[in-house]
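Reviewing the structure listed below.
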Amino acid sequence: MTPAPTSAQPRSAARSASRRVLLAAICAGCSLLPGLAAAQGSTAAAEGRYIVLINPNSNATTTGSMTEIASTATGGIRVEGRSNEGVPPLLTTPKDLADALPGVVRIGVDAARDRKVGAIIVSAFGDPGLPELRAKVGVPVFGIREQAFHEAAKGGRPFGIATTTPDPGLLEGFRQTAAALGYGAQFRGTRATPGDPNALMKKSPEELDAALAEAVRASAADGAKAVIIGGGPLTASALRLQPKFDMPLVVPVIAAAQAAAESIRKSR
369 MTPAPTSAQP
379 RSAARSASRR
389 VLLAAICAGC
399 SLLPGLAAAQ
409 GSTAAAEGRY
419 IVLINPNSNA
429 TTTGSMTEIA
439 STATGGIRVE
449 GRSNEGVPPL
459 LTTPKDLADA
469 LPGVVRIGVD
479 AARDRKVGAI
489 IVSAFGDPGL
499 PELRAKVGVP
509 VFGIREQAFH
519 EAAKGGRPFG
529 IATTTPDPGL
539 LEGFRQTAAA
549 LGYGAQFRGT
559 RATPGDPNAL
569 MKKSPEELDA
579 ALAEAVRASA
589 ADGAKAVIIG
599 GGPLTASALR
609 LQPKFDMPLV
619 VPVIAAAQAA
629 AESIRKSR
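In structure tokens form, the structure reads like this:
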């Protein structure tokens, strides 16, 4: 049980410790972080390089949450979060993703000028700007959607997506991504929570979790043996929900953080 904060343990540190304990407990049962313990000793080999996590939306709180959770999956490699500007705090339509693209590329190109940046993560489930940024920088760039698909499809298992964004254009994009990555036959489709996603994200964590859990159950009924929780802002909810399900809930931010850290270690 994580101790309550004391004068020697600031509240922010206690929250961080609590999330690490939760993540470790979850991942021990669902294999989201294979080899994490072994990776802990590889930090020095990364030669001080770090990962930049780009949040394509403008919500700084979400950026901080995703960055903190990504940091638990890197074996000690530092993750620095950066938020987009001039876009909504939640990206819910194809237009939102298109509007976010220039900012993602700008932030990524600027980040890559630092020679200590070893990898970049595009941390929105639409992967806005992923191919464009890859074409402009010399460091590996990982999209959380792409990496989540790779993780969910391991071993040929069927998988689905649970998300809060029901926009038909976004859902079609998910299907196209599955096909493009060679997972079309395994993909069981997307289940979305009903109603306005912006309104849902403003509700209590308990209400968000309950709505998302229903989408997970619907995906399981579709035949999915792993369910991607489709959205960077849903990362904390995914971690809270995992103990309620026997099947793995794939957390896109964690999948991308693992891949980014591994690329740094391999390139030393």
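Per our numbering, numbering through the sequence shown is continuous, rising by one, with the last residue being 636.
Beta carbons: idealized from backbone N, C-alpha and C, even for Gly.
Contained alpha helix (DSSP H) runs [length at least 4] in the stretch 483-564, N- to C-terminal order: 498-504, 512-520 and 536-548
Put Asn427 into one of helix, strand or coil per three-state DSSP. coil
Compare the C-alpha of Met615 against each of Ala521, Ile475 and Ala588 and name the closest. Ala588
By Cβ distance, which residues of its chain are closer than 6 angstroms to Arg446, with the 5 residues on each side in sequence left out? Tyr418
Open item on the list: Do Val420 and Arg450 count as a contact pair if the criterion is CB distance below 8 angstroms?
Closed with: yes
**Report entry** Beta-carbon proximity list for Leu609, same chain, < 8 angstroms, skipping 5 on both sides
**Finding:** Asp577, Leu580, Ala581, Val584, Ile597 and Leu617
According to DSSP, is Val420 part of a helix, a strand, or is it coil?
strand
Practice prompt. Flag this pair as touching only if the stretch 505-518 and the stretch 486-495 have three or more C-beta atom pairs under 8 angstroms; answer yes or no.
Written response: yes
Practice problem: Indicate the three-state DSSP secondary structure (helix, strand or coil) for Gly600 in the structure shown. | Solution: helix
message: Looking at Gly599: is its Cβ nearer than 8 angstroms to the Cβ of Thr532?
response: yes
- Let me know the secondary structure DSSP gives Gly432 once reduced to three states. helix
I need the straight-line Cα distance from Leu469 to Ala592, nearest angstrom please.
31 angstroms
* Provide the residue(s) that pair with Leu617 in DSSP beta bridges, ordered along the chain. => Val595
Practice prompt. Answer yes or no: do Ala438 and Ile622 have a C-beta to C-beta separation smaller than 8 angstroms?
Written response: yes
Assuming the contact rule is C-beta atoms closer than 8 angstroms, Pro601 and Thr430 should be a hit. Round their C-beta distance to whole Å, please.
5 angstroms
Q | Cβ-Cβ distance between Ser426 and Glu453 below 8 angstroms | A | yes
- Message: Within the continuous alpha helix (DSSP H) that includes Val477, where are the two ends?
- Response: Pro462 to Ala480
Next on the checklist: Here's the rule I'm using: 16 or more other beta-carbon atoms within 10 Å means buried, otherwise exposed. How should Ala605 be labelled?
Outcome noted: One point to set straight first is that residue 605 is Ser, not Ala, in the sequence displayed. That one is buried.
Quiz item: By the 10 Å Cβ neighbour count, where 16 or more other Cβ atoms means buried, how is Gln544 classified, buried or exposed?
Solution: exposed
Output needed for Ala624: all residues of its chain with C-beta closer than 6 angstroms, excluding positions within five of it in sequence on either side, in chain order. Ile489, Phe510, Ile512 and Gln515
Q) Within this structure, are the beta carbons of Pro322 and Arg556 separated by less than 8 angstroms? A) Nothing can be reported for residue 322, as the shown portion of the chain is limited to 369 through 636.
* Asked: So is Gly528 buried or exposed if we call it buried at 16+ other beta carbons inside 10 Å?
  -> buried
Does the Cβ of Pro562 have 16 or more other Cβ atoms within 10 Å, making it buried, or fewer, making it exposed? exposed
Just to check my reading of the structure: Gly497 and Val472 have Cβ atoms closer than 8 angstroms, yes? What is that Cβ distance to the nearest angstrom?
3 angstroms
Item to complete: Look at Ala480 and Gly506 and say whether their C-beta atoms are less than 8 angstroms apart.
Response: yes
ask   = Can you tell which of Lys634, Gly537 and Ala520 has the C-alpha that lies nearest to the C-alpha of Gly550?
value = Ala520
One question on the structure: do Pro457 and Leu538 come within less than 8 angstroms of each other, judged by their Cβ atoms? no
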